[in-house]
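So this note's numbering is basically just the index in the sequence shown, starting at one, shifted up by 1429. The beta carbon of each residue, even a glycine, is placed where N, CA and C say it ideally should be.
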Amino acid sequence: MAAELTAHQLIAQHRPTLDLALETIRTRAYWSPHPEHPKAYGENGSLDTAAGKAAFDALAGTRLVLGQPGTDGWVGGEVSPYGIELGVEYPHADLDVLLPAMQAGQKAWRDAGAELRAMVCLEILKRIADRTMEFAQAVMHTSGQAFMMAFQAGGPHAQDRGMEAVAYAYVEQSRTPETAEWTKPQGKRDPLALTKRFTPVPRGIGLVVGCNTFPTWNGYPGLFASLATGNAVLVKPHPRAVLPLALTVQIARDVLTEAGFDPNLVALAAERPGEGIAKTLATRPEIRIIDYTGSTAFGDWLEANARQAQVYTEKAGVNTVIVESTDDYRGMLANLAFSLSLYSGQMCTTPQNLLIPRDGIRTDQGAKSYDEVTADLARAVDGLLGDDARANALLGAIVNPDVKARLEAAAGLGEVALASREVTNPEFPDAVVRTPVIVKLDGAKPEDEAAYTSECFGPVSFAVAVDSADHAVELLRRSVREKGAMTVGAYTTDPEVEEAVQEVCLDEAAQLSLNLTGGVYVNQTAAFSDFHGSGGNPAANAALCDGAFVANRFRVVEVRRPA
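Structural data, given as structure tokens:
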């Protein structure tokens, strides 16, 4: 069948966008081709909010037919954290049939070259972007994010991260020329002359192991980095968050077909309840790349056992904020309150430990004791979430029972500075919505150490009293080195303290945010400019996104012959 999307059409449409992405990852300036306000949607073929909701509702009780080979049954069972059953069924694959079919299309995909692969990837992203409002509903009802966050993080921000990966992939593949004429002088003899051709070749099938909380935001970098570098990609979603990635696979398969490539270059591996196919897939010889976001335990298992694959993990860490002094006390409290509350703390970047000198801090409002800082922060969170409508819009829903259990257990770990309360969501009465808890601990007491040195994923934060700024810096260094951190924050007006914190973060490879008091928060990162994770501490072995994230997904093979 002739391609409906020609290379010329794809390049004409998407090359300008790729060039802008390439320039932005060089300058690290702000840029995004994907609007982050709902009112921007509804034109040029994209779905508006109402159409997106209707498209999502229409999926209920249907089978998402992908046309994959080896389908041996149907699986489903997703229940929204907001209390509704999605009722969508997905193909279950016989891996012994599906994986060879995926390998069959790689030769033509490899031979297409880096530019055409990038253009196909950008067409996939464009079609996803046209359905952003449908994806927003799918992300909301699988992750428990509130609608606006599901729209932004699951839509434009995820698409930005996917495009960023395509840009980095193109840069790394283009670093070596396609051909070279090589001549070596031999004195009086004729020179040696060779013609050399250099071809980026894929490693093999990439496996994306999806997460429950950010299925697209965390899934797209690995998916598009592997696809753009010539690899087929098998997407294994989290059993509670299949729909957003299944829709992604469906769109990718359609675009590949229209561009004249084998649709089986992208496929879905949904699983039966309790099947646990991630371990099985991760050690199969066909799987040569793995992208994983989730628990430290399984991430460590992948790194130790998937020996045949290049493994990229984003696991977990203990994120820390040092509060030493500030010249904007009110702004600091507001910024921290928002950071602790957003999506009920169910982000790998949410601060957990707030290290506060027990003798207090200097502020523009005078000296504040440890108890005052902690109480004022509790009031700031309470004020932010005091209105239930606003609380629902920020908190979303608790994604699974484990998060709720950790939240409830945290109150028994120390003195509670801010108790968690239940919030009713009138639109979704079965949603489990809880405000954050803040617990006071003492950094000098060994009995408190086990609590604040362990990750407590969810809306739980510890206000840890420390002896001094030096003690805080020491705890920060030990925490990042031993447990890892996706983010570090610090509030200080002292240049020496700032320098000490910065040195720790440089030594231990942790991303640092200093003195944030406005509309930028420690738990948010911008694609094309900010690095998410560093790959240099136990929280993650890769960064989203840098050259190292894409460069080892392919190898360059040389063919040389006499000129």
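{"query": "Proximity of Phe1960 and Asp1975 at Cβ, strictly below 8 angstroms", "result": "yes"}
{"query": "Between the CA atoms of Gly1591 and Pro1614 - distance to the nearest angstrom", "result": "46 angstroms"}
{"query": "Option nearest Gly1815 by Cα separation, candidates Gly1481, Ile1716 and Ala1766", "result": "Ala1766"}
{"query": "Closest by C-alpha distance to Arg1455, when choosing among Arg1736, Glu1753, Asn1748 and Ala1596", "result": "Ala1596"}
{"query": "Whether Gly1918 touches Pro1786 by CB criterion (8 angstroms)", "result": "no"}
{"query": "Selected residue, minimal CA-CA separation from Ala1879, among Leu1973, Leu1676, Val1893 and Gln1794", "result": "Val1893"}
{"query": "Rounded distance between the beta-carbons of Val1671 and Ala1681, thought under 8 angstroms", "result": "About 15 angstroms separates the two Cβ atoms, so there is no contact after all."}
{"query": "Given Ala1547 as reference, the closest of Ser1603, Arg1626, Met1531 and Gln1953 once Cα atoms are compared", "result": "Ser1603"}
{"query": "Secondary structure of Lys1833, DSSP reduced to three states", "result": "helix"}
{"query": "Inter-residue spacing [alpha-carbon to alpha-carbon] between Leu1676 and Ala1838", "result": "37 angstroms"}
{"query": "Residue span of the beta strand (DSSP E) that contains Ala1846, given as start and end", "result": "Glu1844 to Leu1847"}
{"query": "Inter-stretch contact (C-beta, 8 angstroms, three-pair minimum) for the segment 1708 to 1723 and the segment 1856 to 1871", "result": "no"}
{"query": "Asn1734 burial status per 10 Å Cβ neighbour count (16 or more: buried)", "result": "exposed"}
{"query": "Environment of Met1430 [buried if 16+ CB atoms lie within 10 Å]", "result": "Reliability fails at Met1430, whose pLDDT of 45 lies under 50, so the model's placement of it is uncertain and the value that follows must be treated cautiously. By the neighbour-count rule (16 or more Cβ atoms within 10 Å), Met1430 is not buried but exposed."}
{"query": "8 angstroms Cβ cutoff met for Pro1993 and Val1568", "result": "This structure cannot speak to residue 1993, because the chain is shown only from 1430 to 1992."}
{"query": "Cβ contact check for the segment 1787 to 1796 and the segment 1756 to 1763: 3 or more pairs under 8 angstroms", "result": "yes"}
{"query": "C-alpha distance - Ala1582 paired with His1443, whole-angstrom precision", "result": "23 angstroms"}
{"query": "Other residues of its chain near Arg1539: CB distance less than 7 angstroms, five sequence neighbours each side excluded", "result": "Val1630, Pro1631 and Gly1659"}
{"query": "Per-residue DSSP class, three states only, for His1961", "result": "strand"}
{"query": "Local conformation of Glu1851 per DSSP, three classes", "result": "strand"}
{"query": "CA-to-CA distance, Gly1872 to Ala1846, given in whole angstroms", "result": "16 angstroms"}
{"query": "In chain order, each alpha helix (DSSP H) run of at least 4 residues that lies wholly inside the segment 1530 to 1583", "result": "1535 to 1540, 1543 to 1559, 1561 to 1572 and 1576 to 1583"}
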